[in-house]
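Enquirer: In our numbering, the protein residues as written are 211 to 715.
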Ligand code: GLU
C-alpha cells in the first residue's frame, strides 16, 4: 500500500516570504490536494540569529490570503507536532547522538579562527579548503584525537560541533522528480556541520529528522537546495531511513531573463516581490505587497502556478480548483521561469472582469474614501459596470472615472480646441433644453432624443457629441456618453452642460 501523501512547506522566519517561496508553497499545496494528501507548515527557526519578529505570522497570513491554508502546523496541531523547530530542540540532539554512535558523525573542535586561517592558507595556494576525508585526520576531531582527549574537551566545555562523516570515493545516486537521475562524487562533499555547541542543529540535520518524523513523502522545494540533496540522501542512508521523493523547482528569473529574481528588481521596476506588505521591524522600511497593490489572490496564484509548470495545453486561466485537477509534478520544467510583471497584471485584469461588480465596488470604496467621496454601493456598482473593462485594478477606476464623482474642474485643452467652435455653446444650451424636457433619462432614451434633435437641425454628430462628452468628463475619454448621462442624472448633466458654456464661452 502506498503511504498517504504528506508534503511540507518549511520556511525560515527570517523576513517576509518572497514570491518564490509562495510558489514553492503553492506547488506543495497543489500536490497535496491533488493526491488527497496533507499540507504541513513547518517553521525552520533553528538559526536564532536570523529570526525576525512577525515573520511567522506573515507567512501564515500569506498562505491564507492565497487560499492555501495548511492542514497541520503551528496553531493547527496534528499528530506530528510541534511544528516549530525551536520547540523540537531535544529531538535533534538525540538524533545527532545516533549518528555519532553509528560512526556517521564526529565531534570537531576546530575553532572558527583556526578554520579561517586554514581557509586562507589554502586560498594562497589557489586551493579551496574542504573539511572532509582528505584532511579530517589532520584536524582536531574525534577521529583524530584520543577518546580521553575528546571526553576531556567536551567536559571542559570547549567549543565543538558535530560533523557528518561523508564517504570517500563513492558515487551518490539519486533521482529528482523534476531533474531525473543524478550522480555526485562523494569526494567533493564536505563534512557538513549537523549540530552546534549552542545545542542547536543546523538546517540539514533538523530538516532530515523532521521530514522523517513527520512522515513527509515528497520534498518539493526551490532549486537552491539541490546542492544539499546528496548530503540529505546520505543522511537518510546513515540513519537507515527511506528517503522521501524529491522535486526541486526551477528558479524564478528576473524580468530581463538572466539571474534570480530579487527584491531589487521589484524596486527598480516598481512591482512587489512579496505577497503582502511588510514593515521591517528593525529599519521600519516598508516593502510593497501584491495584496495592498490591489491584486486579487486568484491572479497571483494563477500567475505563480505557471511559473515553472505548464498544463501541457494553451489554457492559462486556472482557478485553484482547476489547478488542483490539472497539476502534475512531471510537468514542472527544469529551466528557470522568467518573472513577467506585465503578465501578472494581465491575470489581475482578467480576475477583475470576472469579479462581481459589488466586490469590485467595495474595493473601489477604499479609494473613493481617500478622495473624500462617501461610497454609495448602488451608484458605485454602476460606475464599476461601465468602467471595469478598462481597469487592471479596482483603484484604476478613480483615474478612469473620477468625473462620476466630481464635475470637471478644467477641460482638456487639446480637446477643447478641437471640439469647441463658434456655435458650440448655442448647440449645447439647446440640447440641454431638450434634455430638461425629457422625462425618461435612460441612456437609450436620451440618446434617441439628442440624436433626433441633431438630425432635425441638420447638424453633424461631431458638432454636438464631443462637446457634450467634454462637458461631462472634461476630456475625450470614458464609456458611451449617454451611459454617463444616465448615471449622472438630469440635474448634474444639465449643470455640467451649463458650466462648460460659462467656462469656454
Ligand atoms: N528552511 C528552508 C528554507 O528556508 C527549507 C528548505 C527545504 O524545503 O528543505 O527554504
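Virtual Cβ for every residue (Gly too), placed ideally from N, Cα, C.
Three or more C-beta pairs closer than 8 Å, one from the region 591-601 and one from the region 491-508: is that the case here?
Expert: Cβ pair count under 8 Å is below three, so no.
Enquirer: Do the region 251-260 and the region 527-543 meet, that is, are 3 or more Cβ pairs less than 8 Å apart?
Expert: Verdict: no, contact absent.
Enquirer: Apart from the five residues on each side of it in sequence, which residues of its chain come closer than 6 Å, Cβ to Cβ, to residue 682?
Expert: Excluding sequence neighbours, residue 682 sits near 694 and 706.
Enquirer: What residue range does the beta strand (DSSP E) around residue 405 cover?
Expert: Per DSSP, residue 405 belongs to the beta strand (DSSP E) from 403-406.
Enquirer: Since residue 217 is in the alpha helix (DSSP H), which residue starts that stretch and which ends it?
Expert: First-last for residue 217: 216-219, but that is the beta strand (DSSP E), not the alpha helix (DSSP H).
Enquirer: For residue 220, is the beta carbon positioned less than 8 Å from some heavy atom of ligand 1?
Expert: Yes, the Cβ of residue 220 comes within 8 Å of a heavy atom of ligand 1.
Enquirer: Does the distance from the CB of residue 542 to the CB of residue 237 come in under 9 Å?
Expert: Yes. Within cutoff.
Enquirer: For residue 459, report the span of its beta strand (DSSP E) as first-last.
Expert: 455-459 is the extent of the beta strand (DSSP E) around residue 459.
Enquirer: Verify whether the separation of the beta carbon atoms of residue 221 and residue 235 is less than 9 Å.
Expert: Result yes, Cβ atoms of residue 221 and residue 235 sit closer than 9 Å.
Enquirer: Mind checking whether the beta-carbon of residue 488 lies closer than 8 Å to any heavy atom of ligand 1?
Expert: No.
Enquirer: Considering only DSSP beta bridges, list what residue 430 is partnered with.
Expert: The partner list for residue 430 (beta bridge, DSSP) reads 457.
Enquirer: Give, in chain order, every unbroken run of the alpha helix (DSSP H) that is at least 4 residues long and sits entirely within the region 474-541.
Expert: Those alpha helix (DSSP H) runs which fall completely within the region 474-541 and span 4+ residues are 507-515 and 530-536.
Enquirer: Taking 8 Å as the line, does the beta carbon of residue 259 fall inside it for any heavy atom of ligand 1?
Expert: No, since every heavy atom of ligand 1 falls outside the 8 Å radius drawn around the Cβ of residue 259.
Enquirer: With 16 other CB atoms within 10 Å as the buried threshold, where does residue 482 fall?
Expert: Looking at its Cβ environment, which holds 16 or more other Cβ atoms inside 10 Å, residue 482 is buried.
Enquirer: From the DSSP output, which residues share a beta bridge with residue 286?
Expert: DSSP lists 283 as partners of residue 286.
Enquirer: Can you give me the C-alpha to C-alpha distance between residue 308 and residue 393, rounded to a whole angstrom?
Expert: Using only the alpha carbons, I get a separation of about 27 Å.
Enquirer: Considering only heavy atoms of ligand 2, does any lie closer than 8 Å to the CB of residue 429?
Expert: Because ligand 2 does not appear in the structure shown, any question about it cannot be addressed here, the ligands present being ligand 1.
Enquirer: Give me the Cα-Cα distance between residue 675 and residue 506, rounded to the nearest whole angstrom.
Expert: Rounded to whole angstroms, residue 675 to residue 506 spans 37 Å at the Cα level.
Enquirer: Based on Cα-Cα distance, which residue from 375, 358 and 336 lies nearest to residue 343?
Expert: Nearest of 375, 358 and 336 to residue 343, Cα basis: 375.
Enquirer: How is residue 234 classed by DSSP in three states: helix, strand or coil?
Expert: Here residue 234 sits in helix by DSSP.
Enquirer: Output the boundary residues of the alpha helix (DSSP H) element that contains residue 305.
Expert: Unbroken alpha helix (DSSP H) run through residue 305: 299-311.
Enquirer: For the alpha helix (DSSP H) that contains residue 449, what are its first and last residues?
Expert: Here the alpha helix (DSSP H) through residue 449 covers 439-449.
Enquirer: What are the uninterrupted segments assigned as alpha helix (DSSP H) that are 4 or more residues long and contained completely in the region 223-271, given in chain order?
Expert: 229-244, all fully within the region 223-271.
Enquirer: I need the straight-line Cα distance from residue 510 to residue 527, nearest angstrom please.
Expert: Rounded to whole angstroms, residue 510 to residue 527 spans 12 Å at the Cα level.
Enquirer: Decide if the region 361-372 is in contact with the region 514-527; the criterion is three or more beta carbon pairs, one per stretch, under 8 Å apart.
Expert: Not touching, per the Cβ criterion.
Enquirer: State the DSSP-derived secondary structure class of residue 411, mapped to helix, strand or coil.
Expert: Correct three-state label for residue 411: strand.
Enquirer: Quick test of the definition: if touching needs 3 or more C-beta pairs under 8 Å, does the region 322-329 touch the region 351-367?
Expert: Taking 8 Å as the limit for Cβ pairs, the verdict is that the region 351-367 does not touch the region 322-329.
Enquirer: Of all the options 315, 422, 616 and 437, which has the alpha carbon lying nearest to the alpha carbon of residue 401?
Expert: Answer by Cα proximity: 315.
Enquirer: Using the C-alpha atoms, what's the distance from residue 586 back to residue 430?
Expert: When rounded, the distance between both Cα atoms is 47 Å.
Enquirer: State the CB to CB distance for the pair residue 269 and residue 317, rounded to an integer number of angstroms; the pair is presumed to be in contact (CB under 8 Å).
Expert: Wrong, their Cβ atoms sit about 35 Å apart, outside the cutoff.
Enquirer: Please return the same chain residues whose Cβ sits closer than 6 Å to the Cβ of residue 488, not counting the five positions on each side in sequence.
Expert: The residues are 226 and 497.
Enquirer: Tell me where the alpha helix (DSSP H) around residue 699 begins and ends.
Expert: Looking at the DSSP string, the run of the alpha helix (DSSP H) that includes residue 699 is 691-714.
Enquirer: Using the three-state DSSP reduction, which class does residue 389 fall into: helix, strand or coil?
Expert: In this structure, residue 389 counts as coil in the three-state DSSP scheme.
Enquirer: With DSSP as the reference, identify every bridge partner of residue 351, one or two as the case may be.
Expert: According to DSSP, which records beta bridges pairwise, residue 351 is partnered with 318.
Enquirer: Ignoring anything shorter than 4 residues, give me the alpha helix (DSSP H) runs that lie fully in the region 605-673, in order along the chain.
Expert: For the region 605-673, whole alpha helix (DSSP H) runs of length 4 or above, ordered along the chain, are 606-611, 623-629, 634-646 and 653-666.
Enquirer: Quick check: the Cα distance between residue 562 and residue 570, rounded to an integer number of angstroms?
Expert: Cα-Cα distance, rounded: 7 Å.
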